[in-house]
Amino acid sequence: NAGVTQTPKFRVLKTGQSMTLLCAQDMNHEYMYWYRQDPGMGLRLIHYSVGEGTTAKGEVPDGYNVSRLKKQNFLLGLESAAPSQTSVYFCATNGGSGEKLFFGSGTQLSVL
Amino acid sequence: GENVEQHPSTLSVQEGDSAVIKCTYSDSASNYFPWYKQELGKGPQLIIDIRSNVGEKKDQRIAVTLNKTAKHFSLHITETQPEDSAVYFCAATPYYGQNFVFGPGTRLSVLP
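Printed below as a string of structure tokens:
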């Protein structure tokens, strides 16, 4: 029972390159989230999903796209990476509104 | 929308002393207030949470208090130990929403 698994753990990109971050959960949770963490700014919501086939924008969605084709997976895509997207990215899941939130271990992304 | 402030940003205490971290929120609709501990290189881990129908909750050396009228809640750690050293985040969320709004974090250092 792994909980919430993120891949990759580290990645270095050049400006303009694209990549996809994968989040997989085995908790049978409906809701999944992508956050970014920057120094002194806490965690900010990028996109989220309340169920398979659904996605919605969070606080800082620009430059990112997401897909939730399967209940257990939530993908975060960067089509054309920019240095401003250098950050640590966390996936999280919970069973519904106001329920306990569980995080993955994070992906450290550097865009040069 | 919701705004969460957290103080102090850094806190150093001697081993065995108590530590208190305070958060304020702005949206009176928020009714769920979790606290997360993040160790270096890891994802945030839920340590305690409280709902708005409760004023205080305790779990061994950790306690959380909530003052709905003043819109603030606090984390109390007693008999601190070196392994309590980490970054702590508070968050607030309304029962109807999907977004957990996080405070900027407090770096706690417990000195032996």
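Chains as they are written, first to last, in our numbering: chain L, 922 to 1033; chain F, -3 to 108. We put the beta carbon where it would ideally sit given N, CA and C, even for glycine. Quantities reported herein were computed from a predicted structural model and do not represent experimental measurements.
Review point. Under 7 Å, do G1025/L and Q927/L count as touching if we go by C-beta distance?
Key: yes
Check your understanding: Does DSSP put S1005/L in a helix, a strand or coil?
Key -> helix
Practice item. Quickly, what does DSSP pair T89/F with across the bridge? List them, please. Key: Y28/F
Check your understanding: Do you know how far the Cα of P90/F is from the Cα of L996/L?
Key -> 26 Å
Exercise for review: To the nearest angstrom, report how far apart N986/L and V925/L are at their CA atoms.
Suggested key: 20 Å
Review point. Among T936/L, M948/L, Q958/L, which has the Cα closest to the Cα of Q1029/L?
Key: Q958/L
Review point. At what residue ranges does the stretch 961 to 1013 of chain L contain a whole run of the alpha helix (DSSP H), taking only runs of 4 or more?
Key: none
Exercise for review: Indicate the three-state DSSP secondary structure (helix, strand or coil) for E1/F in the structure shown.
Suggested key: strand
Point to revise | For S5/F, the nearest candidate out of V83/F, K54/F, V106/F (CA to CA) | key: V83/F
Review point. Hey, does K64/F have any beta-carbon neighbour from chain L nearer than 7 Å?
Key: no
Exercise for review: Identify the contact partners of K1021/L in chain F, using a Cβ-Cβ distance below 8 Å as the criterion.
Suggested key: P30, L42, D45
Check your understanding: So which residues on chain F does S1026/L lean against when the C-beta distance must stay under 7 Å?
Key -> K38, G39
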